[in-house]
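A.B. asks: This is the structure, below, for whatever I ask next.
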Amino acid sequence: QVQLVESGGGLVQAGGSLRLSCVPSRSIASINVMGWYRQAPGQQRELVATITHIGGTNYADSVKGRFTISRDNAKNSVYLQMNSLKPEDTAVYYCNAKFYQNYWGQGTQVTVSS
């Protein structure tokens, strides 16, 4: 079992920045892939970014060049730095861990006003 605790969401104006944090209940070094997904009202949950245990990253085309996923083993945390935010980035953002199965955090709301 892996519990995930997210923080860092909020309300920001278009063009602004936010940083999301996710802390798992076990060492991130033992988790193959961690990532962030988002779900807007009335839409399916979609991939935002993932990072492997050796630091390989993958991004949705819609966030490339604006978002950066990173991990800090010393702080046992994964981050999503979001810059140049757009109203269409508004969604609930979920932290995900792939450790034999998928685990999800409770979600954190990100709202970008125009």
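Mapping of the sequence shown onto this note's numbering: residues 770 to 883, in sequence order.
Note that the Cβ used here is the ideal one computed from N, Cα and C, for glycine as well.
1) Using alpha carbons as the reference points, say which of N865, V879, S883 lies closest to N801.
2) For G785, I'd like the list of residues in its chain whose CB is within less than 7 Å of its CB, leaving aside the five on either flank, ordered along the chain.
3) Could you check how far apart the C-beta atoms of P856 and S883 are, in whole angstroms? I think they sit under 8 Å.
4) Out of Y862, I797, Y828, which one is the CA nearest neighbour of V881?
5) Below 6 Å CB to CB, which residues in the same chain sit around T819 once its five sequence neighbours on both sides are set aside?
6) Which same chain residues, not among the five before or five after S839, have their C-beta less than 6 Å away from its C-beta?
C.D. replies: Straight from the coordinates:
1) Out of N865, V879, S883, N865 has the C-alpha closest to the C-alpha of N801.
2) L854
3) 5 Å
4) Y862
5) V802, G804, N827
6) Y848
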